[in-house]
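J.:
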Amino acid sequence: MIAKTITAEELGALVADLVSAGTRVIAPARAADGKVDYRAITRFEEAAIGAELPRRSLKEFFLPPTEPLFSWHQGKGDVTVKPVAVSFPPHVVLGARPCDAAAVEILDRVMGWDYRDELWFGRREATTIVSVACPGVDGSCFCTATGGGPDSKRGSDLMMVPVDGGYLVEAVTPKGQAFVGAHAARFVDAADAGTTAAAEAFRTGVRSRVAEHLTLSLPALRRWLEGSFDHELWRAIVLRCHGCGACASVCPTCHCFDIVDEPEGVRAGTRRRNWDTCQTARFTVHASGHNPRADQNARFRQRVLHKFSIYPGRFGEVLCTGCGRCARACPGGMDLPEVLKTITALVGTGASREAAV
Amino acid sequence: MKELQELARTLLSSGTVKVVFGWEEGPRGARPAFITDAANAGRLVFDHRCSHTLATYLSPRRPHMTRLGKAAIVVKGCDARAVAGLLREAQVKREDVVIIGVRCGGVAADPADAGPLTAENVAERCPGCTAREPHLADHMVGETKPEPPGAPTRDARIAELDAMSAPERWAFWQAELARCIRCNACREVCPMCFCERCVADKTQPQWLESSPHPRGNFAWHVTRALHQAGRCADCGECARACPAGIPLGLLNRKIAGIVADRFDYRATDDPSVPAPIGAFSVSDRQEFIL
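Chains as they are written, first to last, in my numbering: chain F, 3 to 359; chain Y, 553 to 842.
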C-alpha cells in the first residue's frame, strides 16, 4: 500500500499532464442543465468532485448505451464482416464514487463468466479508476447495507480521501501503484498524523451516518426471496411502478442488453448492442406473443430477485451497491431501500412461504 | 386534507369504488398511493409535492391496476386534461371512474422538494397556469390556493429557440437528444401513450431504430412528439421522468402551439371537445393542399 497526498493544485496539474499525454479523463462535471454527469474533461476546473452524485453511473464507460459489435457489407457473392476494435486508448476516471467503482468490479464476474466480453475488458484494462471517498448523498444511500461503503476501495485503483487543501491518496491495485509511480512528482509522501486522523474521522463519520439508513442480512434476504416467489408483497408494492426502466438506466449494476441489426442501405449494416431492461413488457415477450412476465409485479420482482438472489447464487455477491439512484430516478416513487426494509421486516416475523398466496 | 381523506373513506366504505388513486407520504416526498381499504384513507395527502399525474395509472393496458376494480382518481387541473384525453379517446368510460378534483397552487418539479414553492423549484408547466381548478370532477375538495410563483415559462424558452437559426436549433436538439438512452420512461409515464403496441417496439419491420444513437433518438422523439400533436395533456410527466434531464416538454409545447394556431384547439379537461386528430371541420385550413 502506498499512502500519499496530493494538493488540489497538483491534482489540476495532473489532469493537464494526462490530457496533454492523450489520456481521456472522465470526471463528474456539470452538464448544460446544471446537473452532474460523468463526462470527459480537458481541464480540472470543469470537474465537480464531491458535488452531488452524478445522474448516471460509471457503467456507460465500459458498456455504452449503444455500441457496434461489427458491420457487414454484401458484395457480389460474398459478405465482408468488419470487426470493431477491442483495444482502447488510456482512460482515467477521476473522482468516481465508491458505489460506482465497486459496481464495475461486480460486473466483471458476469462479463467474464461464460465467455470473456472483449469490449468490456478492453475498456477495463485501458482505464484507471481514481475514486474519492463519498460524503454521502441523502437518505436513499444504502451502500453499507450491500457490503460496500462510502469509503470502500472496491473497484478502485486509487482511493482519495478529502483532507484540508487536497486529498490523501492510497494506491489500491498494482495499476494504481504504477499510476502513482508514473506521476510521482505530483504526489508528496504521506501526510502528518493530524491529517491522517482527520481523513479517518471523515470516513468513519460518513460510514456510520449511511449505516443508519438500512441494515440488511443479505443471506436471510436471499433465503426469503427464494421462498417467496408468489408472495402477496409483489402485488401490493408494485402498483406505482410504471415499468419505465429509468431505474435500470441509472443503475450502476444493471447490465442487460439487446442485440439489433441495423441495415444501412440494402447491402450493408451494423450489429449493435443496446441497453435493455427487464422492467419493460417487451423484454420477455416470446415470438408467439406469450409473455412469461405478464405484468409489472413479475417484472419488478425479477429486478429484486436478480440483484439479491440470482446474482449471489451464481457469483457469490449481490448485484447492487446501494447508490440509491433507482429511488431518486423513479417517477412513480418506487423505493428499493424501502422494499428491502419491508422484506427484512417479513424475514424477522418468519412470514415468507406461510404468507404466500 | 381531512376533506379528501373523508371523501375517500366514504367512497371506499360505501363500495362506490374499490380503489382511490391519490398521493401519500413516501420515503422521498409525496408519491402515488392506491388506497383499497377505507381504514387507510388517512394516508392521503395533497400539497405542492404532488407533481405526478395519476391518470397514467388508469390505462387499460395495466392488468395489475385494472384488476383492482373501479377507481376514484384525485386530479389537479392538468391531470384532469389527461383523464379527459382518455375519455375522449375511449380508453376509459366515464361511468367507470370517479373524479375527485383538487384546487392547485402549483407543484414542485421534484416531488421530494419540501418547498416552499419558488420560481426555482416550481414545475415548468405551472407558472401562468389557467387550469388550477379542474372542471372535470365529480367532487371538488380543498380551498383555492394562491397562484404558483412566476418563473420563466416554456413559451419564453420556445421563443428563444424559434429565434435561433436552423443550424443553431439543430445543434441545441442534437446536444439534448444525444443524452437519450432510449429507456422509454417518457412513454411509460405518459397518460396518452396507451398503445397496446408502440410503433417503436415493432420489429417486423423495424420502423424506428432502437439504438440510442442520434439517428434513432431523433426518429423516436420526433415520432412521439407528432403522435402527441393535439393529444398531449401537458402534464409534464415525460420531462419529469427523463433520467437524462432532456426538456421533452419543449417539443410537445411547441407542437401544441402549432395545433392551437391551425386548429384552434388547446388541451382541455372537457372530454366533449374533439381533438383535431379525430375531427374534421370544413373550416380546417388546407392551403397546403396543392
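Positions of the beta carbon are idealized from the N, C-alpha and C atoms, including for glycine. Note that the coordinates shown come from a computational prediction; the quantities given were computed from them, not determined experimentally.
According to DSSP, is Tyr40 of chain F helix, strand or coil?
T.: strand
J.: Output yes or no for whether 8 Å exceeds the beta carbon distance between Arg613 of chain Y and Glu740 of chain Y.
T.: no
J.: Quick one: complete alpha helix (DSSP H) runs, 4+ long, within the stretch 699 to 775 of chain Y?
T.: 706 to 715, 718 to 730, 737 to 740
J.: Going straight from the alpha carbon of Arg619 of chain Y to that of Pro828 of chain Y, what length do you get?
T.: 33 Å
J.: Is Ile388 of chain F near Ala29 of chain F, with beta carbons less than 8 Å apart?
T.: No answer is possible for residue 388 of chain F: it lies beyond the span of chain F, which begins at 3 and ends at 359.
J.: Decide if Gly150 of chain F is buried, meaning its Cβ has at least 16 other Cβ atoms within 10 Å, or exposed.
T.: buried
J.: Do you know how far the Cα of Ala283 of chain F is from the Cα of Glu228 of chain F?
T.: 23 Å
J.: Does Phe383 of chain F pass the burial test, meaning 16 or more other C-beta atoms within 10 Å, or should it be called exposed?
T.: Absent from the model: residue 383 of chain F. The displayed extent of chain F is 3 to 359, so no value can be given.
J.: Where does the unbroken beta strand (DSSP E) through His75 of chain F begin, and where does it stop?
T.: If you look at His75 of chain F, you'll find it in the beta strand (DSSP E) that goes 68 to 76.
J.: Find the residues of chain Y that neighbour His244 of chain F, judging by a C-beta separation of less than 8 Å, and give them in chain order.
T.: Here the neighbours are Thr608, Ala737, Glu740, Val741, Ala793.
J.: Buried or exposed for Phe832 of chain Y, please, with buried defined as at least 16 other CB atoms from any protein chain shown within 10 angstroms of its CB.
T.: exposed
J.: Just the Cα atoms here: how many angstroms apart are Arg58 of chain F and Ala34 of chain F?
T.: 15 Å
J.: Which whole-angstrom value is the C-beta distance of Gln557 of chain Y and Ala593 of chain Y, which I expect to be below 8 Å?
T.: Between the beta-carbon of Gln557 of chain Y and that of Ala593 of chain Y there is about 5 Å, and that keeps the pair under the 8 Å contact cut.
J.: May I ask you to report which of helix, strand or coil DSSP gives Ala358 of chain F?
T.: Note on Ala358 of chain F: pLDDT 39, under 50, position unreliable in the model; the coordinate value appears next. Three-state result, Ala358 of chain F: coil.
J.: List, in order along the chain, the chain F residues whose C-beta lies closer than 9 Å to that of Glu641 of chain Y?
T.: Correct list: empty, because the minimum Cβ distance to chain F is about 19 Å.
J.: Can you name the start and end residues of the beta strand (DSSP E) that Ser133 of chain F belongs to?
T.: 129 to 134
J.: Give me the chain F residues within the contact set of Met716 of chain Y, using Cβ-Cβ distance strictly less than 7 Å, ordered along the chain.
T.: Residues of chain F passing the Cβ test: none, with the nearest at roughly 15 Å.
J.: The ligand SAH heavy atoms versus the CB of Gly621 of chain Y: any closer than 7 Å?
T.: The model on display carries no ligand, and the ligand SAH is accordingly not part of it.
J.: Of the residues that make up the stretch 288 to 311 of chain F, which ones have a beta carbon closer than 8 Å to any beta carbon in chain Y?
T.: Ala296, Asp297, Gln298, Asn299
J.: Nearest CA to the CA of Trp500 of chain Y: which residue from Y:Arg767, Y:Pro679, Y:Phe573?
T.: Given that chain Y is displayed from residue 553 to residue 842, the structure contains no residue 500 of chain Y and the question cannot be resolved.
J.: Only counting runs of 4 or more residues, tell me where the alpha helix (DSSP H) segments fall wholly within the stretch 236 to 291 of chain F, in order along the chain.
T.: 248 to 252
J.: Going by CA-CA distance only, name the one from F:Val95, F:Trp74, F:Arg205 that's closest to Ala128 of chain F.
T.: When the alpha-carbon of Ala128 of chain F is set against those of F:Val95, F:Trp74, F:Arg205, the nearest one is in F:Val95.
J.: Output needed for Glu555 of chain Y: all residues of its chain with C-beta closer than 6 Å, excluding positions within five of it in sequence on either side, in chain order.
T.: Val693
J.: Once DSSP output is grouped into helix, strand and coil, what is the label at Tyr169 of chain F?
T.: Three-state result, Tyr169 of chain F: strand.
J.: Candidates F:Leu121, F:Thr130, F:Ser142: which alpha carbon is nearest Ala664 of chain Y's?
T.: If we check each option's Cα against that of Ala664 of chain Y, F:Ser142 comes out closest.
J.: Tell me, which residues are paired with Glu576 of chain Y by DSSP?
T.: Y:Arg583, Y:Leu596
J.: Whose Cβ in chain Y lies nearer than 7 Å to the Cβ of Val262 of chain F?
T.: Result: Ser762, Ser763.
J.: Cα-Cα, which of Y:Arg601, Y:Leu563, Y:Phe573, Y:Pro701 is closest to Gly581 of chain Y?
T.: Y:Arg601
J.: In chain order, what residues of the stretch 559 to 590 of chain Y put their CB closer than 7 Å to some CB of chain F?
T.: Cβ contacts with chain F: Gly578, Pro579, Arg580, Arg583, Pro584, Phe586.
J.: Please list the partners that Pro67 of chain F has in chain Y, where partner means a Cβ-to-Cβ separation under 8 Å.
T.: Ile733, Arg734, Pro764
J.: For His773 of chain Y, decide whether its Cβ has a neighbour in chain F, counting only Cβ atoms nearer than 8 Å.
T.: no
J.: Sort F:Gly14, F:Gly247, F:Ala23 by Cα distance to Gly335 of chain F and report the nearest one.
T.: F:Gly247
J.: Which residue from F:Ala53, F:Phe63, F:Gly52, F:Ser251 puts its Cα closest to that of Arg41 of chain F?
T.: F:Phe63
J.: Where does Leu610 of chain Y land, buried or exposed, given buried means 16+ other C-beta within 10 angstroms?
T.: buried
J.: If contact means a Cβ-Cβ distance below 9 Å, which residues of the stretch 37 to 63 of chain F contact chain Y?
T.: Listed by position, the residues of the stretch 37 to 63 of chain F near chain Y (Cβ gap below 9 Å) are Lys37, Asp39, Arg57, Arg58, Glu62.
J.: Entirely within the stretch 93 to 143 of chain F and at least 4 residues each: give me those alpha helix (DSSP H) ranges in chain order.
T.: 100 to 113, 120 to 128
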